[in-house]
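>
Numbering (the working numbering), first residue to last: 18 to 384.
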C-alpha cells in the first residue's frame with residue numbers, strides 16, 4: 018500500500034528550481050532516505066511533504082488523499098529537525114508532553130504516554146532535565162520522543178544525527194532503524210551521508226544539485242546497478258572512478274579508448290554497440306574492482322601507472338595511482354607497501370566495469 022506519493026512536485030524560489038518535477042512513491046512502513054549533496058532540494062522536499070512549504074507545481078498525496086494544501090497540524094506527521102528544536106526553558110518531560118498538552122489531553126493520560134515513550138527510548142532518568150543539561154544523543158532522543166508521542170502515521174527526519182560525534186552517530190542510527198521497524202511507522206529521512214543512507218534505508222532516492230531525482234532503489238541495487246554517472250560517483254566510499262572515454266572498433270573487436278589506455282569490451286557484444294551510439298562515454302571502475310601488480314608482474318596488468326599516495330585506513334588502505342592526468346583510487350590490503358612514484362601494473366575486473374553515455378547519462382551495455 019502506498020502511504021505517500023509525490024506527483025510532478027516542483028518548487029521554485031524565484032526562477033531557480035529547488036525541486037524539479039519529482040515523482041516518488043513511499044510505501045507504508047518503509048524507511049525511505051532522500052540522499053544527495055548539499056543544495057539538491059532534499060530538505061525542501063521534506064518541507065513540502067510536511068506542509069511547511071507549498072509547491073509551485075505538483076501534488077502531495079497521502080493515503081490516496083490530496084494533502085498538498087492541508088495545514089501541517091492536520092497531516093498526521095511528526096518532524097524531527099536537524100537542530101532538534103527543543104524548548105530550552107522546558108524539561109525533557111515537558112518537551113515530549115507539549116504536543117499532548119496542545120491536544121488538551123488529561124494530565125494522567127499525558128503522564129502515561131510520556132512514560133511509555135521514555136521507556137521505549139531509555140530516557141526515563143533524563144525527564145527532569147532541561148536540554149542544556151543533556152548530551153547531543155540525549156537531546157536527539159527527546160526530540161524523537163516528542164515526535165513519537167503524537168502517534169503519527171509518518172515520521173519526517175531532517176539530518177537528525179548530523180550534530181552527533183561519529184561514534185555516537187553509528188550507534189544511534191542502528192537504534193533508530195530498530196525503533197522504526199518496531200513501531201512500523203513510515204519514515205522519510207534526509208541525509209547527505211551515503212553511509213548513513215545505505216545502512217538505514219529500505220529504499221534510497223538520490224537527488225542531484227538541480228533538484229532532480231536520479232534513481233530510486235534499495236541500497237544494494239543502488240550500489241551494484243547505478244543508473245547514471247551521478248549516482249555511480251556519489252555512492253560508494255571511496256566513490257567510483259569515472260573516466261571519459263570513447264568507443265572504437267578495430268579488426269572486429271570493440272574497445273573503450275580512455276586516451277592513456279584501452280580496454281577490450283568485445284565480450285559485451287551487441288548490447289554495448291546498440292546502447293553506446295555516441296562517441297562520448299564514461300567508464301566507471303569501483304576501487305575494489307581494480308588490482309595493483311608490482312615488480313615483474315606489473316606488465317601483466319591492463320596498463321601501467323605510478324603510485325601517487327597511499328592512505329592507510331586500518332583494516333585496508335586506499336592507493337591513488339596516476340595515469341597521465343587521471344588519478345584513480347584503488348582499494349588495497351592494509352599491508353600494501355609502495356613508494357611514491359613507483360610504477361605498478363593495474364588490472365581491472367572486466368565483468369564489473371560500468372559504461373555510461375556522457376550526453377544522456379544513461380547506462381550502456383544493458384540489453
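From the three backbone atoms N, C-alpha and C, an ideal C-beta is built for every residue, glycine too.
Which residue from 83, 124, 119, 148 puts its Cα closest to that of residue 103?
Checking every option, the nearest Cα to that of residue 103 belongs to 148.
> When DSSP labels each residue in this structure, what does residue 195 get in the three-state scheme?
Helix.
> Got a sec? Which residues, its chain only, sit under 7 Å from residue 216 by beta carbon, not counting five neighbours each side?
Excluding sequence neighbours, residue 216 sits near 190.
> Could you spell out the range, first to last residue, of the alpha helix (DSSP H) harbouring residue 112?
Taken as a continuous stretch (DSSP letters only), the alpha helix (DSSP H) holding residue 112 covers 109 to 119.
> What beta strand (DSSP E) runs, 3 residues minimum, are completely inside the region 131 to 201?
Correct list: 171 to 175.
> Nearest-angstrom Cα distance between residue 85 and residue 318?
Looking at the two C-alpha atoms, the distance is approximately 57 Å.
> By Cβ distance, which residues of its chain are closer than 8 Å to residue 47, with the 5 residues on each side in sequence left out?
Answer for residue 47: 20, 203, 204, 219, 220, listed in chain order.
> Provide the residue(s) that pair with residue 262 in DSSP beta bridges, ordered along the chain.
Paired residues: 298.
> Less than 8 Å between the beta carbons of residue 109 and residue 143, yes or no?
Yes; because the gap between Cβ atoms is below 8 Å, this pair is in contact.
> So is residue 314 buried or exposed if we call it buried at 16+ other beta carbons inside 10 Å?
It is exposed - the Cβ of residue 314 has fewer than 16 other Cβ atoms within 10 Å.
> Excluding the 5 residues flanking residue 263 on each side, which residues of the same chain have their C-beta closer than 8 Å to its C-beta?
Here the set comprises 273, 274, 296, 297, 298.
> Taking 7 Å as the limit between beta carbons, can you name the residues of its chain near residue 331, skipping five residues before and five after?
Here the set comprises 351.
> Taking 8 Å as the limit between beta carbons, can you name the residues of its chain near residue 87, skipping five residues before and five after?
Within the same chain, residue 87 has close Cβ partners 68.
> Any chance the region 155 to 163 sits against the region 105 to 125, with 3 or more Cβ pairs inside 8 Å?
These segments touch.
> Is residue 42 helix, strand or coil when you go by DSSP?
Three-state result, residue 42: strand.
> Could you tell me the boundaries of the beta strand (DSSP E) in which residue 47 lies?
Segment: none, residue 47 is in no beta strand (DSSP E) and carries neither H nor E.
> Buried or exposed, going by whether 16 or more other CB atoms sit within 10 Å of the CB of residue 283?
It is exposed - the Cβ of residue 283 has fewer than 16 other Cβ atoms within 10 Å.
> Whole angstroms is fine: what's the gap from residue 70's alpha carbon to residue 265's?
C-alpha separation (whole angstroms): 50 Å.
> At which residue ranges does the region 213 to 244 contain complete alpha helix (DSSP H) runs of 4 or more residues, listed in the order of the chain?
Complete alpha helix (DSSP H) runs here, min 4: 236 to 241.
> So if DSSP puts residue 336 in a beta bridge, which residue, or which two residues, is it bridged to?
Bridge partners of residue 336: 327, 347.
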